[in-house]
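In what follows, a structure is listed as structure tokens, so that the remarks can point back to it.
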Amino acid sequence: MKNTLSPWGRIAALCCLLTGIVRAEDSLPYRQARDVVYGEVHGTGLLMDVFTPTTRTNGLAVVDVVSGAWSSDRNKIRDHTLAQIYQIFCQRGYTVFAVRPGSKSRYTLAEMDKNVKTGVRFIKDHAADYGINPARLGLTGASAGGHLATLAALTPEPENPDARDVGQRRGTQVKAVAVFFPPTDLLEWDTGKPADPQIVVPVLFVGGGTNHTAEEIATRARQASPLHRVTKPEVPFLIFHGDADKTVPLSHSQKLVAAINAAGGSAELVIKPGGGHPWLTMPEEVKKMADWFDKQLVLP
4 MKNTLSPWGR IAALCCLLTG IVRAEDSLPY RQARDVVYGE VHGTGLLMDV FTPTTRTNGL
64 AVVDVVSGAW SSDRNKIRDH TLAQIYQIFC QRGYTVFAVR PGSKSRYTLA EMDKNVKTGV
124 RFIKDHAADY GINPARLGLT GASAGGHLAT LAALTPEPEN PDARDVGQRR GTQVKAVAVF
184 FPPTDLLEWD TGKPADPQIV VPVLFVGGGT NHTAEEIATR ARQASPLHRV TKPEVPFLIF
244 HGDADKTVPL SHSQKLVAAI NAAGGSAELV IKPGGGHPWL TMPEEVKKMA DWFDKQLVLP
């Protein structure tokens, strides 16, 4: 049988098997609501899964942007499940919203960014239904999901009480952001090396952008690059990245952290020695991420 797991999924599955953490569904620390519609684009529903703790709740929530290579099919949720993201957070009382922002086959990066923000607004609007504090949201993601989470956090949209669409009235600000190995610069993929147009252009334009000039492509790439959207971030950032990552170079996270701190914000980079994209002990870093959110999301 062909193995359909992504690298993230294969490593997480192996870790689960080795440590004996995989348990029967009825013993998991969460209830999973699948395919909750959080928005609609051109008549097509935008979907998320909601993981609610089965025992205590701490009133806090994390929005997990589920995307790999800018695709967000259900396999990506499976990968994050195997990596224990939902288990670890729900054990601590968090509600986790696994937002799927759409895939590059249908949406551009600008549209995916808008979809993430639609998800944040939906969660805030329904905070009372889930027993969470809408002012205490964390935002996370890995790889492409980390890119979209970071981009959304760096370009928040303010409240607009006069918006005709009720769902657009809330702001998209979150309280803290922690991500894994995010692409942050779609202009320079590695130090001194421009991004490969075959990778970048298809996610910038509908239909692949074959009829667009180099200037148009560069403008779109800059707009979709978290590194080039840094002003003065008002929320703290935590980024995990391996120094052996051959998919997204470590320089992406190093440059973003430097830019955020230079702009007067707060950003921390945790480098995983020998870490690829991803690495074997990902659940250990998920626990460290949860520890960090515990501190950032508590009431003052």
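In this note's numbering, the protein residues as written are 4 to 303.
Backbone N, C-alpha and C fix where the C-beta goes; we use that ideal spot for every residue, glycine too.
Quantities reported herein were computed from a predicted structural model and do not represent experimental measurements.
Cβ-based burial, residue i [other Cβ within 10 Å; buried from 16]
| i | result |
| --- | --- |
| Ser-256 | buried |
| Ser-228 | buried |
| Ile-274 | exposed |
| Gln-201 | exposed |
| Ala-36 | exposed |
| Pro-197 | exposed |
| Asn-118 | buried |
Nonlocal neighbours in the same chain, by C-beta distance under 8 Å from residue i, ignoring five residues either side
| i | result |
| --- | --- |
| Gly-170 | Gly-42, Thr-121, Arg-124, Phe-125 and Asp-128 |
| Lys-249 | Gly-279 and His-280 |
Where residue i sits in the DSSP three-state scheme
| i | result |
| --- | --- |
| Trp-73 | coil |
| Val-25 | Confidence in Val-25 is poor, its pLDDT being 48 and thus under 50, which makes the residue's placement unreliable; the coordinate value appears in the next sentence. If DSSP states are grouped into helix, strand and coil, Val-25 belongs with coil. |
| Pro-286 | helix |
| Leu-300 | coil |
| Val-251 | coil |
| Gly-245 | strand |
| Arg-81 | helix |
| Val-123 | helix |
| Ala-3 | Residue 3 lies beyond the stretch modelled for the chain, which goes from 4 to 303, so this question has no answer here. |
Beta-carbon proximity list for residue i, same chain, < 6 Å, skipping 5 on both sides
| i | result |
| --- | --- |
| Ile-88 | Val-289 |
| Ala-101 | Met-51, Asp-52, Asp-67, Val-69 and Ile-80 |
| Gly-245 | Lys-275, Gly-278, Gly-279 and Trp-282 |
| Pro-161 | Gly-174 |
| Arg-139 | Leu-63, Lys-178 and Leu-300 |
Own chain residues within Cβ distance below 7 Å of residue i, not counting five before or after
| i | result |
| --- | --- |
| Ile-135 | Gly-62, Leu-63, Ala-64 and Thr-98 |
| Phe-92 | Val-65, Val-99 and Ala-293 |
Start-to-end residues for the beta strand (DSSP E) that takes in residue i
| i | result |
| --- | --- |
| Ile-135 | That residue, Ile-135, is in no beta strand (DSSP E); it is neither H nor E in DSSP. |
| Arg-37 | 33 to 44 |
| Val-273 | 270 to 275 |
| Leu-50 | 47 to 56 |
Residue range of the alpha helix (DSSP H) that includes residue i
| i | result |
| --- | --- |
| Ala-221 | 217 to 226 |
| Thr-153 | 147 to 157 |
Suppose only complete runs of 4+ residues qualify. What are the alpha helix (DSSP H) ranges in the region 166 to 215, listed by chain order? DSSP runs (the alpha helix (DSSP H)) wholly in the region 166 to 215: 200 to 203.
At 4 residues or longer, and completely inside the region 95 to 122: list those alpha helix (DSSP H) runs for me, N to C. none
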